[in-house]
Amino acid sequence: MPSVDHTTPPFAERIAELLARLSLDEKIGQLQQVAGAGGHVSDDLARAVREGRVGSVINEVHAPTVNALQWIAVHESRHGIPLLIGRDVIHGFATVFPIPLGQAASWNPDVVERGARIAAREAAACGVNWTFAPMIDIGRDPRWGRVAEGYGEDPYLTATLAAAAVRGFQTHDLTAPDAIAACAKHFVGYGASESGRDYNSTNIAPRELRDVHLPPFAAAVQAGVASVMTSFSDLDGIPASANRDLLTGVLRDTWGFDGLVVSDWDSIRQLAVHGLTADEWGSAREAALAGVDMEMASTTYAAHLAELVRSGHVPLAQVDAMVSNVLRLKFRLGLFERPFTEPASFPVAGNDAHLDAAYASACESIVLLTNTQREHEYLLPLAAGALQRVAVIGPLADDPYEQLGTWIFDGDAQHSRTVLQALRHTLPDSVQIEVAPGVPNTRSHDESGFADAVRAAERAEVAILVLGEESILSGEAHCRADVSLPGAQERLVEAVLATGTPVVLVIMAGRALALERIAHRVHALLYAWHPGSLGGPAIVDLLFGVVAPSARLPVTLPRVTGQIPIYYAQKHTGKPATPETVVSIHDIHPRAPQLSIGNTSFHLDVDPAPLFPFGYGLTYTWVEYDAPSVQHAEVALTGTVELSATITNRGARAADEVVQLYVRDLVGSVTRPVRELKGFQRVHLAPGERRTVHFSLPVSALAFHGRDLTLAVEPGRFHAWVAPHAAAGTFVEFSVCA
Ligand code: BGC
212 MPSVDHTTPP FAERIAELLA RLSLDEKIGQ LQQVAGAGGH VSDDLARAVR
262 EGRVGSVINE VHAPTVNALQ WIAVHESRHG IPLLIGRDVI HGFATVFPIP
312 LGQAASWNPD VVERGARIAA REAAACGVNW TFAPMIDIGR DPRWGRVAEG
362 YGEDPYLTAT LAAAAVRGFQ THDLTAPDAI AACAKHFVGY GASESGRDYN
412 STNIAPRELR DVHLPPFAAA VQAGVASVMT SFSDLDGIPA SANRDLLTGV
462 LRDTWGFDGL VVSDWDSIRQ LAVHGLTADE WGSAREAALA GVDMEMASTT
512 YAAHLAELVR SGHVPLAQVD AMVSNVLRLK FRLGLFERPF TEPASFPVAG
562 NDAHLDAAYA SACESIVLLT NTQREHEYLL PLAAGALQRV AVIGPLADDP
612 YEQLGTWIFD GDAQHSRTVL QALRHTLPDS VQIEVAPGVP NTRSHDESGF
662 ADAVRAAERA EVAILVLGEE SILSGEAHCR ADVSLPGAQE RLVEAVLATG
712 TPVVLVIMAG RALALERIAH RVHALLYAWH PGSLGGPAIV DLLFGVVAPS
762 ARLPVTLPRV TGQIPIYYAQ KHTGKPATPE TVVSIHDIHP RAPQLSIGNT
812 SFHLDVDPAP LFPFGYGLTY TWVEYDAPSV QHAEVALTGT VELSATITNR
862 GARAADEVVQ LYVRDLVGSV TRPVRELKGF QRVHLAPGER RTVHFSLPVS
912 ALAFHGRDLT LAVEPGRFHA WVAPHAAAGT FVEFSVCA
């Protein structure tokens, strides 16, 4: 089981010494997080900090104000305890990186780590010492707007990137001036909100909770994450902020987490709204006993915890443990030694080096999904020299703000470079660029701009359409019941396609959209998520082949909304669909008799395969995979499976190939997914290069929670694929022997 980082000094003595001096009210003060006034110190806040009623301030990023608050805490309060300054630094600060879902498409932990590093540096300059990231909820339902904030549908990929984010925010030395505490959120299961509606209930079977939703949090704890945030959602009837089995049982007792657990905004007060408690008194009691150390925004602890202790409903030892967790983080961050920020000692936010990193991150995050041949030539990469006229269509082609995505409180759209700006910069003056938004925004049904768009396309050799979703259509509380392209955009695509001009469609979105009606009709399709500050140049450099696409889908793209949830690691079922058994609604004759024999698991009105599978993505060359091989077909329970496959770059361009290892456990005490990702490597291949890729898979990585819910590897037969995506490749078989 993962354990915490033991390299940090033990602060037990300093904590005990402080605890001995704090009154009960002052202890409870450490458990309270309050909102900043936004750029100034309000009298109320100053008084509260001075009187020791505040442990943390959220949403104050004005450095002089932060320093003024720290001054009051350190010099004017009785015990001089500095403040935690929290902020949602989710995918950048002033410099905005692709949304986390986009960064996940890089399948590159370095991209995530570098993005978090720069975000931390820019935030720390303002006095922020704690971010509420990474969000590592498994997102298998793109109706849920918060899939934008996470790393996709897969526990292994999410766990890998979670650890990278923690390293990036915290570094190996949390006391460094530019390191900030990370927060793994939302513990746990929030991604399973029913019908993809935010804040909704979740019902996750115990095994799925352990095999799918908990592993990323275990990985974050193992990486030394400083804090964990509870989810708004309830799981099997227990709201996360009151779930002692998970917060104390799993997180602390099993995983050994000794960091800080913070509630989500107001989520303790909401225990009564859920109907778990009758009032705030009960909510404070439930949350404290469950193991929520700090209360964000609501004030049930401040109002009731002292009385709860005095009346014996919450042991003082529990409050001491909660306060210790808060103080430990303050010591870990070195706040007692260095409470103030010195903005002048930091690089300027949004500097060229930071923007270059955002550009590189976007280049690695944008997925090429289709690229059709015309007269034996692929449409992409476009050759700038061969163009005379380009039509640039769509509401997102030149919108510096919308390309940034959700959660950009501190994002500065002035740093943004749009697709149109980048095209103007890249293309020679001889190329005419004709611009026509087509629709006023992504949601609009106004078709009055179509005629201009069509005219522009008719005159051009290529039409570049930049469509998708504005930022506000994803993120917290922004869920959609229909995840197709909103507004009149599909009709705009149809109208432009009707001109016969080749169409390159670039999608910017905060989720997997259902694009069945257009994906294979446009001539090339690039999925850019919300690509951040430098999304424009990255897209243009990919389109013109300055950079070769290398990103892969971190989520399955559905054909239509009704297929959701659709993810690669599904179960086989007793009646799996096969091409021979799938029947279309149109093949059923009137009054066909009901017949269940021979039927399989599919919808009558959609192809059972996803539009694009998990792990999918093209580049400008063709990489061929030989069948994988296994060194020893029989491996002991304590052993390692040595797998390899040879891949060859058959084209004339170099490529960064994401080689993926999947495994299927053929027979289990419970049914097992048809494939599970167990490893991946980014491999650079020169044109014509042939390379053998090795994976050493410890047998322990095949463990799952069996029928009795204990984690174990069950001996037996396995299939392994070394493949370019979750629906490709041939398998090799191996056995694990008892
Ligand atoms: C969100 C959290 C966020 C918090 C503070 C909540 O509404 O669920 O993810 O960190 O607000 O802004």
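Counting in our numbering, the sequence shown runs from 212 upward without gaps. All residues carry an ideal CB built from backbone N, CA and C; glycine is no exception.
For Pro824 and Ala723, what's the separation of their Cα atoms in angstroms? 11 Å
Asp445: CB within 7 Å of a non-hydrogen atom of the ligand BGC: Every heavy atom of the ligand BGC is 7 Å or more from the Cβ of Asp445, so no.
Is Asp475 near the ligand BGC, going by C-beta to nearest heavy atom under 7 Å? yes
Does the structure place the stretch 364 to 377 close enough to the stretch 330 to 349 that three or more beta carbon pairs sit under 8 Å? yes
Can you tell me whether Tyr738 is buried or exposed? The criterion is at least 16 other CB atoms within 10 Å of its CB, across all chains shown. With 16 or more Cβ atoms within 10 Å of its Cβ, Tyr738 is classed as buried.
So what does DSSP say about Glu944, is it helix, strand or coil? strand
Answer yes or no: do Phe929 and Arg875 have a C-beta to C-beta separation smaller than 8 Å? yes
What are the boundary residues of the alpha helix (DSSP H) that Arg902 is part of? First-last for Arg902: Arg901 to Pro909, but that is the beta strand (DSSP E), not the alpha helix (DSSP H).
Using beta-carbon positions only, say whether Gly605 and Leu615 come within less than 8 Å of one another. It is not a contact, given that the beta carbons lie outside the stated cut-off.
Beta bridge counterpart(s) of Ser535 as assigned by DSSP: For Ser535, which the question treats as bridged, DSSP gives no partner whatsoever.
So Arg864 and Trp318 are in contact, right, with Cβ under 8 Å, and what is the actual spacing, rounded? That pair is no contact at about 19 Å.
Measuring straight from C-alpha to C-alpha, what distance separates Leu446 and Gly460? For Leu446 and Gly460, the distance between alpha carbons rounds to 15 Å.
Bridge partners for Asn860 per DSSP, in chain order? Val834
Return yes when the Cβ of Ala370 is within less than 8 Å of the Cβ of Pro311, no when it is not. no
Measuring only from the beta carbon, is His626 closer than 7 Å to any heavy atom that is part of the ligand BGC? no
Check whether Leu678 and Ile644 have beta carbons under 8 Å apart: no
With a threshold of 16 other CB atoms inside 10 Å of the CB of Glu680, please say whether the residue is buried or exposed. buried
For Cys337, the first and last residue of its enclosing beta strand (DSSP E): Careful: Cys337 lies outside any beta strand (DSSP E) and carries neither H nor E.
Cβ neighbour criterion (16 or more within 10 Å) applied to Phe620: exposed
Is the Cβ-Cβ distance between Leu598 and Glu672 less than 8 Å? For Leu598 and Glu672, yes; Cβs fall inside 8 Å.
Look up Phe929 in the DSSP assignment and give the residues it is bridged to. Asp876 and Phe945
Whether Ala608 touches Val630 by CB criterion (8 Å): In this structure, Ala608 lies near Val630, with their beta-carbon atoms less than 8 Å apart.
Would you mind working out which of Ser267, Val758 and Glu419 sits nearest Glu575, comparing C-alpha positions? Val758
Between the C-alpha atoms of Ser406 and Ser509, what's the straight-line distance to the nearest angstrom? 28 Å
Using the C-alpha atoms, what's the distance from Gly545 back to Thr386? 5 Å
Spatial neighbours of Val665 within its chain, please: C-beta separation below 8 Å, excluding the five flanking residues on both sides. The residues are Ala706, Val707, Ala709 and Thr710.
Out of Leu471, Gly467 and Glu518, point me to the one whose CA is closest to Glu491's CA. Glu518
Output needed for Ala938: all residues of its chain with C-beta closer than 6 Å, excluding positions within five of it in sequence on either side, in chain order. Pro824
Apart from the five residues on each side of it in sequence, which residues of its chain come closer than 6 Å, Cβ to Cβ, to Trp476? If we look at Trp476 and ignore the five residues flanking it on each side, its Cβ neighbours are Met507 and Ala508.
Any idea what DSSP makes of Cys574, helix, strand or coil? helix
For Tyr779 and Val885, I'd like the C-alpha separation in whole angstroms. Straight through space, the alpha carbons of Val885 and Tyr779 are spaced by roughly 8 Å.
In this structure, how does DSSP classify Gln892 when only helix, strand and coil are distinguished? For Gln892, the three-state secondary structure derived from DSSP is strand.
Outcome for Leu233 when other beta-carbon atoms lying within 10 angstroms are tallied against a minimum of 16: buried
Per DSSP, what kind of secondary structure is Arg351 in: helix, strand or coil? The answer is coil: DSSP assigns Arg351 none of H, G, I, E or B.
For Glu497, name the three-state secondary structure that DSSP assigns. helix
Considering just the uninterrupted stretch of the beta strand (DSSP E) at Leu471, what are its terminal residues? Leu471 to Val473
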